[in-house]
Amino acid sequence: MGTKVDYDSKIPNNVDLSSDRRLQRALEGWQPRFMDWWAEMGPALETQGVYLRTAVSVGRDGWAHFDHVIPHEYRWGIFLTEHDADRRIAFGQHAGEPVWQQVPGEYRADLQRLIVIQGDTEPASVEQQKLLGLTAPSLYDLRNLFQVNVEEGRHLWAMVYLLHAYFGKEGREEAEALLYRNSGSPDQPRILGAFNEETADWLAFYMFTYFTDRDGKYQLGTLKESAFDPLSRTCEFMLKEEAHHMFVGTTGVDRVVQRSAELIREHDTTDIAGFGGIPLEIIQRYINFHYSVSLDLFGGETSTNAANYYTAGLKGRWQEERRKDDHQLTEDSMLLDVPQPDGTWSQEEVQSLLALNLDLREEYISDCQNGLKRWNKILADHDIDFRFALPHPGFNRDVGINAGYHITPEGTIVDEGTWEANRKKWLPSSEDLAFVRSLMQPVYERGKIASWVAPPRHGINGKPFDYEYVYLP
Ligand SMILES: [Fe+2]
Ligand SMILES: [Fe+2]
């Protein structure tokens, strides 16, 4: 089984596309519409080349090639990880059976829905980030933005391939609709709420790639376990690319915190707005916002849909195969904190099978804590008392058992008036957003960086920070 990518055909791929003329023609028909979408909805900034990585193989080492590429000439392609002929279903009622190479008729509608929901998020984030290239803090950051954008475009290709290859006419119609819906559109919005929020500034971009791309990592992790093998192999390769997106988020917030900490020490005040830094309270409010809208992406805490997907083998748990239980979950239970109308919390025991969304969310939350530890260590290293914290999972929620309640970041249930009176303390205010936006002046001189963020410790692919990552007209 070769893992080399075929770059000679119109659509680079390692799925032997040329052997299926019908499918190839269908995808070649979709390609120009994708290019139109990219031209209209993709990055607003024109460049003459960006130092991008392109996948050239799906193996463990040396899978990517780096070179300057004009973004609209990027070779978007279809890459699945290697086929494992012995792979078996790890969970649910079909556990132990060989995985499926075709879609079983009874699961067709559910699998298509899962693929469409995942596929919808990929172009959405490109749309949300459309204008960011006009205000990047350095050429290094600008390059990372383009890298994330072209790869989200490729993730759209990954889902469109599955729709075209396995779901017939309906799949092709869904593939069209993925280009037709747009982030924030009043008539045809993207499916999930967080993907209709604007990514208005670079602090929001770092937060999005930290918190919202990380939700993507966990969703892809559950689909990687799928009994539908082509979906599993597609997601496994997407996860490889996704790691860089989260690196951009983690180190992006690191560098903002680092710069703010330096300015606090230098001027001996936490009020660093006048010195071109972002005050720590504003960073905390951005964390509160991006974290809480990302938690909504996990859906309701208990879900019969998720239970059915699991039992059917369509969607597993995070690292399913490492879990030491029966992989059926009908006997196990989890504890769920439930807000009560009298302002107290109660704990309810729920069957693990029904609490799969909660299980995934808990994995996600403990992963998110790692970032908080890093950022707090930067503050500690600068002898600053302030500490960042993740808000309570019930804070600012529109989905699940906490929706409709007013819950503080500390987890106290309060009335609407109290919550609204404190909103500006907890979530970015219009003043915060206007201030952060005022800092967003593009810095496109080689080796230079904006006032509000520290330079990265390392460049990309061994290049120095002052490398010409982007050629501008
Ligand atoms: Fe993605
Ligand atoms: Fe991503």
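Per UniProt numbering, the sequence shown runs over residues 1 to 473. Quick reminder that beta carbons are idealized off the backbone N, C-alpha and C, glycines included.
Query, Result
"For F167, the three-state DSSP class (helix, strand or coil)", "coil"
"Alpha-carbon spacing of I287 relative to T222, whole angstroms", "25 Å"
"Rounded straight-line distance, which links the Cα of R33 to that of W345", "51 Å"
"Residue 510 CB to nearest heavy atom of ligand 2 below 7 Å", "Because residue 510 is not part of the residues shown, which for the chain are 1 to 473, the question remains open."
"Entirely enclosed alpha helix (DSSP H) segments - the stretch 294-375, minimum 4 residues", "304-312"
"8 Å contact criterion, which P473 and Q147 should meet: CB distance rounded", "With 8 Å as the limit, P473 and Q147 do not qualify as a contact, their Cβ atoms being about 20 Å apart."
"Same chain only: Cβ atoms within 6 Å of A165, ignoring 5 sequence neighbours per side", "L23"
"The stretch 60-77 touching the stretch 295-303, judged by at least three CB pairs closer than 8 Å", "no"
"DSSP state of Y74 mapped onto helix, strand, coil", "coil"
"Helix, strand or coil at D16 according to DSSP, with G and I counted as helix", "coil"
"Pairwise C-alpha distance: L139 and R446", "7 Å"
"Closest Cα partner of H382 within the set E416, D296, L263", "L263"
"C-alpha distance - L179 paired with Q129, whole-angstrom precision", "16 Å"
"Y51: first and last residue of the uninterrupted beta strand (DSSP E) it sits in", "49-55"
"Beta carbon of G394 nearer than 8 Å to that of P442", "no"
"Neighbourhood of L17 by C-beta, 8 Å cutoff - its chain only, sequence neighbours within 5 removed", "D6, S9, I11, L23, Q24, L27, I78"
"Length of the line joining the Cα atoms of G400 and E362", "14 Å"
"Residues of its chain near V411, where Cβ-Cβ distance is below 7 Å and the 5 sequence neighbours each way are ignored", "The sequence shown places Gly at residue 411, not Val. H392, G394, listed in sequence order."
"Rounded Cβ spacing between P428 and F247 (contact assumed at less than 8 Å)", "At roughly 24 Å, the Cβ-Cβ gap does not stay under 8 Å, so P428 and F247 are not in contact."
"Any non-hydrogen atom of ligand 2 within 7 Å of V293 CB", "no"
"D141: CB within 7 Å of a non-hydrogen atom of ligand 2", "no"
"Cβ-based burial, M1 [other Cβ within 10 Å; buried from 16]", "Low confidence applies here, because M1 scores a pLDDT of 42, under 50, leaving its location unreliable; read the following figure in that light. Classification of M1: exposed, given that the 10 Å Cβ count is below 16."
"Check: D213 C-beta below 7 Å from any heavy atom of ligand 2", "yes"
"Other residues of its chain near T330: CB distance less than 6 Å, five sequence neighbours each side excluded", "L353"
"D67 - partner residues in DSSP beta bridges", "L52"
"Cβ-heavy atom distance, M159 to ligand 1, below 7 Å", "no"
"Cβ neighbours of residue 479 in the same chain (closer than 7 Å, five flanking residues each side left out)", "The chain is shown only over 1 to 473; residue 479 falls outside these bounds and no answer can be derived."
"Proximity test, G252 beta-carbon vs ligand 2 heavy atom, cut-off 7 Å", "no"
"Validate contact between the stretch 103-113 and the stretch 200-212 using beta carbons, cut 8 Å, 3 pairs", "no"
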